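These notes concern the structure reproduced below.
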Amino acid sequence: MITARQRILWASLLASATFAASAQTPPPSNVPPAITQAASPAQPEVRGHQPRDGKGFERMQERRAKHLADLKTKLKIEASQEGAWSAFTSAIQPPAPPAQRPDRAAMRAEFEKLTTPQRLDRMQARQSERAARFAQRADATRTFYAALNPAQQKTFDAEAMRFGPRGAHGEHGPHQGPHGHRQPPAKG
Numbered sequence: 138m139i140t141a142r143q144r145i146l147w148a149s150l151l152a153s154a155t156f157a158a159s160a161q162t163p164p165p166s167n168v169p170p171a172i173t174q175a176a177s178p179a180q181p182e183v184r185g186h187q188p189r190d191g192k193g194f195e196r197m198q199e200r201r202a203k204h205l206a207d208l209k210t211k212l213k214i215e216a217s218q219e220g221a222w223s224a225f226t227s228a229i230q231p232p233a234p235p236a237q238r239p240d241r242a243a244m245r246a247e248f249e250k251l252t253t254p255q256r257l258d259r260m261q262a263r264q265s266e267r268a269a270r271f272a273q274r275a276d277a278t279r280t281f282y283a284a285l286n287p288a289q290q291k292t293f294d295a296e297a298m299r300f301g302p303r304g305a306h307g308e309h310g311p312h313q314g315p316h317g318h319r320q321p322p323a324k325g
């Protein structure tokens, strides 16, 4: 019997093998050089509308601070709850980015030297680290939630949903599913 964990590991392995194979495929000869140069890995990757100026973490921290300030105002945190609020906000802080960005080419070369079981072990270790960070945030949230009165809990529930999987990227239309794909018409 294949467990969900094994399926995830196999899917990760398959995805990384597919990515590695596609990265080694040369561009077709009938593509103009301007297009192949535009897609070269030496150029910085463009994501969304934010400039790659190294200040993304600072912008994220500013948005977080504003969101937390708004949340604190909406929850009407009392003086007796300040300690719980402080513990909650410090526990959910994301880790600071490394001072120097790691060299991806060196990391990829190191990863390619590993055997498949070693790669899987490394991926599993990273997954365990993420799970531990999530558990810490979940515990802090539960502890803080318990310190709130019922009205505050209701407000927290409503506000937390705004920043969940759907709220972070906007609500989907009535005919779209969780990933923005159109849903088939209901059979009736």
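Our numbering numbers the first residue of the sequence shown as 138 and each following residue consecutively.
For every residue, glycine included, the Cβ atom is placed at its ideal position computed from N, Cα and C.
Computed from a predicted structure; not experimentally measured.
Endpoints, the alpha helix (DSSP H) within which residue i is located
| i | result |
| --- | --- |
| A274 | The question names Ala, but residue 274 in the sequence shown is Arg. Start and end: T253 to A284. |
| Q198 | G193 to L212 |
| S217 | Here S217 belongs to no alpha helix (DSSP H), and DSSP marks it neither H nor E. |
| A242 | R241 to K250 |
Beta-carbon spacing of residue i, residue j below 7 Å
| i | j | result |
| --- | --- | --- |
| F281 | F225 | yes |
| M244 | S149 | no |
Among the options, nearest to residue i - alpha-carbon criterion
| i | options | result |
| --- | --- | --- |
| Q218 | P232, E296 and A283 | A283 |
| R279 | E266, D294 and S265 | D294 |
| A233 | T140, A141, R196 and E296 | R196 |
| A277 | A262, H204, A221 and T253 | A221 |
| S227 | R270, A141, L285 and E296 | R270 |
| E296 | H204, K192 and N286 | H204 |
Nearest-angstrom Cβ-Cβ length linking residue i and residue j, presumed shorter than 8 Å
| i | j | result |
| --- | --- | --- |
| I229 | R274 | 5 Å |
| K211 | T292 | 6 Å |
| K213 | Q289 | 7 Å |
| R256 | F248 | 6 Å |
Below-7 Å beta-carbon distance, residue i vs any chain D residue
| i | result |
| --- | --- |
| M244 | No chain D appears in this structure, which consists of one protein chain only. |
Residue i: CB within 6 Å of a non-hydrogen atom of the ligand NAD
| i | result |
| --- | --- |
| R256 | Ligands are entirely absent from the displayed structure, and the ligand NAD is therefore not among its contents. |
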